[in-house]
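Notes for the one structure printed next.
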Amino acid sequence: MLLGSTSTLIGEFSGMVDELLGKQLFARISWTEPFANDAYPPITTVSTHVPGDIFLVGSTAVTYTFSDRYANQAQCSFLVIILTVDKKPPEVVNCPSIVSETVELGEPGASVTWMEPIAVDISQVAQTSTKNPGDFFFIGETPVTYVFTDSSSNSAICAFTVMVQTREYTISFQKIFDVCN
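The sequence shown maps to residues 150 to 330 in this note's numbering.
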C-alpha cells in the first residue's frame, strides 16, 4: 500500500484469533501496530481500536488509516475474532440413583414417573433418553440413561435404575385349639 508516491506500509495483518474458555464473553487483545513510511511526512494515524482494547465474543474489524500532508491515504484492516471454546461437559442436575414403584400382586408392572434430570452448560444442550417419565415398566429393574450433549459435542450422562416390585403382604396364621375336658 502506498502513501503519497513512495510510501510503504509495514505490519499488515490477515487476522487474529483468540479463544476463551468457559463463561468469559470478552478478551483483552494486543498486537503490534502497523505503521506507514512516506516521502511526505508527517503521517497521521487514526485507528478504530488500539492494542489492549477489550473485544467481545465474535468478529470485530480493526482499521488503521494513514494520511500524509497532501491528504493521500492508505488503510490497513484486519479482523479480531474471539471464539468461546467449550471444553467442559454439561453439568447434570437432579439425577436420581434409583426410582422405585410398588404394584399390587398380579399386576405386570406400572407407569412410573420421576422428575427429569436437566443439564446446565454455557451453550445449548440436546437431551436424549432411553425411557421417559410415564412409560410403562414391567416388574423388575430397568436401566434408564439420559445423555446430554452440548453444541461443542461435550456430553454428560445420567444413569439410574427404575425398580418395580410387588407389594409384600404379611399373612399370619393362628392355631386354634379346642380344649375338651
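Don't be surprised by glycine CBs; every beta carbon is placed ideally from N, CA and C. These numbers were taken from a predicted model, which means no experiment stands behind them.
Three-state secondary structure (DSSP) at residue i?
i    : result
V206 : coil
S226 : strand
R316 : coil
E253 : coil
T291 : strand
I272 : As written in the sequence, residue 272 is Ser, which differs from the Ile given in the question. Here S272 sits in coil by DSSP.
A305 : strand
N186 : strand
S179 : coil
L174 : coil
S300 : coil
T212 : strand
E240 : strand
I192 : coil
G164 : Model confidence at G164 stands at a pLDDT of 48, short of 50, so the residue's coordinates are unreliable and nothing is read from them.
T310 : strand
G258 : strand
V199 : coil
Can you tell me the Cα-Cα spacing of residue i and residue j, whole angstroms?
i    : j    : result
M312 : E250 : 6 angstroms
T214 : F204 : 20 angstroms
P183 : D270 : 39 angstroms
T181 : C225 : 13 angstroms
L274 : G258 : Position check: residue 274 holds Val in this sequence, whereas Leu was assumed. Taking the straight line joining both Cα atoms gives about 33 angstroms.
T310 : V248 : 6 angstroms
G207 : A220 : 34 angstroms
K280 : P245 : 14 angstroms
V252 : Q314 : 6 angstroms
A223 : H198 : 17 angstroms
F287 : E256 : 9 angstroms
G201 : S179 : 5 angstroms
A176 : I231 : 7 angstroms
A185 : S304 : 50 angstroms
P190 : S216 : 9 angstroms
T102 : S301 : Since the first and last residues shown for the chain are 150 and 330, residue 102 lies out of range.
E317 : L174 : 57 angstroms
Kindly give me the distance between the Cβ atoms of residue i and residue j, rounded to whole angstroms, as I take these residues to be in contact under 8 angstroms.
i    : j    : result
T291 : I306 : So it is not a contact: roughly 16 angstroms between Cβ atoms.
G283 : T262 : 5 angstroms
T212 : S196 : 7 angstroms
D235 : D187 : Not confirmed; about 46 angstroms, so no contact.
I want to see whether chain B comes within less than 9 angstroms of residue i, judged by CB atoms only; does it?
i    : result
T209 : The question asks about chain B, but that chain is absent: this structure has only one protein chain.
Problem set entry | Validate contact between the region 262–279 and the region 232–245 using beta carbons, cut 8 angstroms, 3 pairs | yes
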